[in-house]
Amino acid sequence: MGVLSLLGGMFALLNPYAASVFVLQLVAFLFILLGVMQVAFTLRSPFGLSWFDLGLGVLQILLGVMLATNVLGGLVSLTLILAFLFMLEGVILVLAGTNLRPFRPWLWLVVGGTISILLSVFVLMNLPEAAATLLGLLLGIDLLSNGLWLVAAGLMLRDL
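Letter by letter, the sequence shown follows residues 84 to 243 of my numbering.
Okay, here's the thing in structure tokens:
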């Protein structure tokens, strides 16, 4: 599993646009799947038809189809969501760090939060260009780091 993760991470870093499109298509597929399940469960519900749940399912299907058919718009949308999450995480970490000043690791929270905020600003300033590759780069970094951890853990467990 670790080797597969490493290979996937290398592919994503070598071709971040293809990896970004893969992430987008995966998200689109999941929205469509969840929407179909939502509609099916709503129509078969023993508690009666809920128009809200039915509408939510249809909305999920439409969102998935829109993401799947409009690659650039979908990549920009997901990148905007990611930038917002980076900003939110950064603000939370900075606030937590300043509230934990009496404790030793408070500075690392502030530093990590500041980096997240700066990353968010960088992404927002580089839209829509950043949208084409950012998701793929983040996927590649994540797969590589997880792959390294899994390989190291496997080697350590083999020696036991």
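Yeah, the Cβ is synthetic: ideal placement off N, Cα and C, and Gly gets one too.
These numbers were taken from a predicted model, which means no experiment stands behind them.
DSSP places proline 185 outside both helix and strand once states are collapsed to three, so it counts as coil. Under the three-state reduction of DSSP, serine 160 is assigned to helix.
Put simply, of Leu117, Asn209, Val86, Ser103 the residue whose alpha carbon is nearest the alpha carbon of glycine 140 is Leu117.
Put simply, the backbone Cα of leucine 145 is about 44 Å away from that of tryptophan 189. Between threonine 162 and leucine 210, the C-beta spacing is below 9 Å.
Counting along the chain, the unbroken alpha helix (DSSP H) around leucine 107 starts and ends at 99-126. Just measuring C-alpha positions, the residue of Ser203, Leu178, Leu150, Gly91 sitting nearest leucine 165 is Ser203.
Judged by their CB atoms, valine 104 and leucine 158 are nearer to each other than the 9 Å cut-off.
DSSP places serine 133 outside both helix and strand once states are collapsed to three, so it counts as coil. About 6 Å separates the CB atoms of valine 106 and leucine 222; that is less than 8 Å, so the two are in contact. Under the criterion of beta carbons closer than 8 Å, serine 199 and glycine 180 do not qualify as touching, at roughly 12 Å.
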